[in-house]
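Participant:
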Amino acid sequence: MSDDLHELYQSIILDHNKRPRHYGALTEATHQAEGYNPLCGDKITVFLRIVNDRIEAIQFEAACCAICKSSASMMTEALFGQSVVEGESIRSGLSRILNSNTDSSPGLETAGELASLAGVRKFPARIKCATLPWHTYQAALRGEAKTVSE
Amino acid sequence: MTTSAIFDYTRVRADFPILSTEIRGKPLTYLDNGATSQKPAAVIEAIDRYYRAENSNIHRGVHYLSEKATDAYESARAKVAHFIGVADADEVIFVRGATEGINLVAHGFIETQLSEGDEILITHMEHHANIVPWQLAAEKTGAVLKVVPVNEAGELDVNAFSELLSERTKLVALVHVSNALGSINPAKALVAEAHKHDIPVLLDGCQSVPHMPVDVADLGCDFFVFSGHKVFGPTGIGVLWGKRQWLDQFPPYQSGGDMIERVDFDGTTFKGIPGKFEAGTPHIEGVIGLAAAIDYVNQLDRQGALAHEHALLVDATEKLSAIDGLRIIGTAQQKASILSFVMNEIHPHDIGTFLDADGVAVRAGHHCTQPLLKRFGVPATARASFAFYNNFEDVDRLVTAVTKMQRFFG
Ligand SMILES: Cc1ncc(COP(=O)(O)O)c(C=O)c1O
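Protein sequences appear in the order of chains Y and F. Using the UniProt record's numbering, the letters of the first sequence map in sequence onto residues 1 to 150. Using the UniProt record's numbering, the letters of the second sequence map in sequence onto residues 1 to 410.
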């Protein structure tokens, strides 16, 4: 199997795909949104409970590929308990990584588990799979019920 | 395998330059023919020759090249007519593709005939191209879209088809061969059924024309559309065929040069068919490429090609079915060489990326048939679609790649 493919589907991604964290609907959500990728039909719902600008709970449900699901699962772990402001810095940090080219990777060292998503950069057709959960999170914050990957 | 011994697929492979290229260091295993087919050298060379030695506009010059181009263009029309069993070549309209052909019938004609409460009958297995134009026409006019259901195997419910025809039905729009499932619909019988009530039928032949000989006179339909790029020709060119009795009633769809008889500021008189529908300079290169593709297909042993494709389908179906946790979507009795499948725990999108790493090109997604996939409870499938130039090694590479992937995800 090619190295690129190994990097894309490394064990941490497969693990999140098999055992997604914070999975399932959240009762008493204060925010929620549904994200959709019209290209492949991937669908995800992100639920948030935000109290005093802190993400007290974050859950998701999805019918999507391994990249999308593991990205969503890691997202819930990264954002759980954070303030909304910290959450935004985590999100934009990942966004910088995914949009960078493969030789320079700003913030890769400090990104923790999320760094494992960087393998997607070698597969341009799959970048939207990794970003859909995060777009959906943003839409939920903004109070939009639905978002579509652009 | 006697059939494939007769049809020499090793020889035809050599006609398609792209089939000898490598993808990521692996031989190309092209199993996405449903999306678009590869092009034989004859087509590529015809387009090259046109631009190098024959390029000119048509229907307007008196000079040598213009006459030659006009001849080539009009003889392509006759070729298409002959290819699909049409006696009157003027009934063949060149369009950009099946999508434009359907839109022309929907918005250029049927829509002008619809009143509130009228019905358009489509089926649950239509491509979005044969759903959305009718939906828009219905929204504009207050007409209603009726949908023929599909059974678990992916076959049309023909009894429901008959029951859904009513005196309000103004058109039946039906896919000949399903691009997502491969099901071959009993088009001839369904057309006859609709005609009992004098209802015209449009057949979407995108996936039938590449696989099997098609004779619209025998099918009896009123309209037929297909796309050049799926039948080994170039993109951007397709065909709408319609019976003269209908096409004559269509108002002009687009207007401009080439489709007029006389223009005056007091008014304009239009050409008859086909000119009426071909405003502006057409896709001459596309038409010439399509004609070359038809010539290519015509010199094939088509029954042999069909038998070979069927043998590939049977082989792939057997081998994939044997894989644990793999489910084939679409198991109709009558099937073209299109094979959709899903796997437990592995999303089609991941399947697509994995197979691609092994040089195996399949389509992963909803195949522009979202209502159909919803019917089967899946958001997407992986789809392998075979052409006559595929071989049994292609099947084995597909099966090996799928097995390897399953072990990985294990
Ligand atoms: C059954 C069917 N109908 C319509 C279309 C639309 O064809 P085109 O995009 O070439 O207009 C396709 C192509 O995917 C198809 O498979």
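Note that the Cβ used here is the ideal one computed from N, Cα and C, for glycine as well. None of these values were measured; they are calculated from a predicted model.
Using the Cβ count rule (16 or more neighbours within 10 Å means buried), how would you classify V62(F)?
Facilitator: Exposed: under 16 other Cβ atoms inside 10 Å.
Participant: Leaving out five residues before and five after R13(F) in sequence, what residues of the same chain have Cβ atoms less than 6 Å from its Cβ?
Facilitator: Counting only Cβ-Cβ distances below 6 Å, and skipping sequence neighbours, we find L19, Y389.
Participant: Does the beta-carbon distance from D248(F) to G272(F) come in below 9 Å?
Facilitator: Contact flag set, yes.
Participant: If you draw a straight line from the C-alpha of G142(F) to the C-alpha of Q10(Y), how long is it?
Facilitator: One C-alpha to the other measures close to 53 Å.
Participant: Going by beta carbon distance, what residues of the same chain come within less than 6 Å of P348(F), once the five residues before and after it are set aside?
Facilitator: These residues qualify, in order along the chain: A364, A380, T381, A382.
Participant: When the Cβ atoms of the segment 185 to 204 of chain F are set against those of the segment 163 to 176 of chain F, are three or more pairs found closer than 8 Å?
Facilitator: They touch, by the three-pair rule.
Participant: Which partner residues of Y23(Y) appear in the DSSP bridge assignment?
Facilitator: Answer is F60(Y), bridged to Y23(Y).
Participant: Under 9 Å between C-beta atoms, does I67(Y) make it to chain F?
Facilitator: True, the Cβ-Cβ gap to chain F drops below 9 Å.
Participant: Closest Cβ-Cβ distance between L8(Y) and chain F: below 9 Å?
Facilitator: L8(Y) counts as touching chain F.
Participant: Examine chain F for any beta-carbon lying closer than 9 Å to the beta-carbon of L114(Y), and answer yes or no.
Facilitator: Not one chain F Cβ lies under 9 Å of L114(Y).
Participant: Would you say P133(Y) reaches chain F, if we count a Cβ-Cβ gap shorter than 9 Å as a contact?
Facilitator: Output row for P133(Y): interface = no.
Participant: For A138(F), collect the residues of the same chain with a Cβ closer than 8 Å to its Cβ; drop the 5 residues on either side in sequence, then sort them by chain order.
Facilitator: Counting only Cβ-Cβ distances below 8 Å, and skipping sequence neighbours, we find L114, I120, V144, L145.
Participant: Can you have a look at Y50(F) and say buried or exposed, based on whether 16 or more other CB atoms are within 10 angstroms of its CB?
Facilitator: Buried.
Participant: Assign S73(Y) to one of three DSSP states: helix, strand, or coil.
Facilitator: The answer is helix: DSSP assigns S73(Y) an H, G or I state.
Participant: Residues of chain F with CB under 7 Å from R126(Y), in chain order?
Facilitator: T353, listed in chain order.
Participant: Listing by chain order, which chain F residues have their CB less than 7 Å from the CB of F123(Y)?
Facilitator: Under the 7 Å cutoff, chain F gives T353.
Participant: On a Cα-Cα basis, can you pick out the residue from A76(F), K404(F), A69(F) that is closest to G228(F)?
Facilitator: Nearest C-alpha to G228(F): A76(F).
Participant: With DSSP as the reference, please indicate the residues paired to V92(F) in a beta bridge.
Facilitator: DSSP lists W241(F) as partners of V92(F).
Participant: Between which two residues does the beta strand (DSSP E) holding G267(F) run?
Facilitator: Counting along the chain, the beta strand (DSSP E) containing G267(F) begins and ends at 267 to 270.
Participant: How would you write the range of the alpha helix (DSSP H) that N159(F) sits in, first residue to last?
Facilitator: Per DSSP, N159(F) belongs to the alpha helix (DSSP H) from 158 to 164.
Participant: Which value, in whole angstroms, describes the spacing of the CA atoms of W134(Y) and W246(F)?
Facilitator: Going from the Cα of W134(Y) to the Cα of W246(F) covers about 52 Å.
Participant: For D215(F), verify whether its CB is less than 8 Å away from any heavy atom of ligand 1.
Facilitator: Every heavy atom of ligand 1 is 8 Å or more from the Cβ of D215(F), so no.
Participant: Identify, in the order they occur along the chain, each residue of the same chain with its Cβ nearer than 7 Å to the Cβ of F224(F), setting aside the five sequence neighbours on each side.
Facilitator: Excluding positions up to five away in sequence, the list reads I84, L203, G205, V216, W241.
Participant: Which residues of chain F have a Cβ atom closer than 7 Å to the Cβ of K43(Y), listed in chain order?
Facilitator: The contacting residues are P379.
Participant: Along chain Y, in chain order, which residues have C-beta atoms closer than 8 Å to that of Q370(F)?
Facilitator: Chain Y residues near Q370(F): G41.
Participant: Hey, E54(F) and A69(F): beta-carbon distance below 9 Å or not?
Facilitator: Contact: yes.
Participant: From C68(Y) to M125(F), what does the alpha carbon distance come to, in whole angstroms?
Facilitator: Each residue's alpha carbon lies about 28 Å from the other.
Participant: Tell me which same chain residues have a C-beta within less than 8 Å of the C-beta of I122(F), skipping the five on either side of it?
Facilitator: Cβ neighbours of I122(F) beyond the five flanking positions: N130, I131, W134, L145, K146, V147, V148, V172, A173, L174.
Participant: Taking only beta carbons into account, state which residues of the segment 21 to 41 of chain F come closer than 8 Å to chain Y, listed in chain order.
Facilitator: So the list reads R24, given in the order they occur along the chain.
Participant: Less than 7 Å between C-beta atoms, sequence neighbours within five positions excluded: which residues of the same chain meet that for A98(F)?
Facilitator: Same-chain partners within the cutoff: A129, D204, C206, V225, F226, S227, G238.
Participant: Straight-line CA distance for Q334(F) to N185(F)?
Facilitator: The straight-line gap from Cα to Cα measures roughly 8 Å.
Participant: Out of V360(F), V378(F), D358(F), state which residue places its alpha-carbon closest to the alpha-carbon of residue 480(F).
Facilitator: Residue 480(F) lies beyond the range of chain F shown here (1 to 410); nothing can be said about it.
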